[in-house]
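*Asks:* Yeah, the sequence shown ends on 848 if you go by our numbering, and it's all consecutive.
Note that beta-carbon positions come from the ideal geometry of N, C-alpha and C, so glycine has one too.
I am attaching a structure below and will ask some questions about it afterwards.
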Amino acid sequence: MQTIIDTSNSVTAKLTNSEDSIICKGSLNENSLKASYIPTNADISEGDSVETSGMGGIYPKRNNDW
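Have a look at this one:
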């Protein structure tokens, strides 16, 4: 099993406020995710949420019933 912060892994995600798709790559040393390929017109504010998109079938899309 591969964690979402594994450095050999990239995850497609979306910004919840704008629905823009981004790519997240992990950093085990920093225990964090770094976003890339953020659209230049994306409306991002501090505190916005990021969710896995479900693409690729490894990490499921967030279920709103959670």
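Say whether the segment 797-808 touches the segment 820-833, bearing in mind that this needs 3 or more beta-carbon pairs closer than 8 angstroms, one atom from each stretch.
*Replies:* Segments in contact, yes.
*Asks:* Based on DSSP bridge pairs, tell me the residues matched to leucine 810.
*Replies:* Paired residues: none, contrary to the question.
*Asks:* Below 8 angstroms on the Cβ atoms is my contact criterion, and I expect isoleucine 805 with threonine 794 to pass it. Report the Cβ-Cβ distance as a whole number of Å.
*Replies:* The pair is a contact, with the Cβ atoms about 6 angstroms apart (cut-off 8 angstroms).
*Asks:* Return helix, strand or coil for glycine 801, following the three-state DSSP convention.
*Replies:* Here residue 801 is glutamate; the residue named in the question, glycine, does not match the sequence. Three-state DSSP puts glutamate 801 in coil, outside helix and strand.
*Asks:* What residue range is occupied by the uninterrupted beta strand (DSSP E) comprising glutamate 833?
*Replies:* Unbroken beta strand (DSSP E) run through glutamate 833: 832-834.
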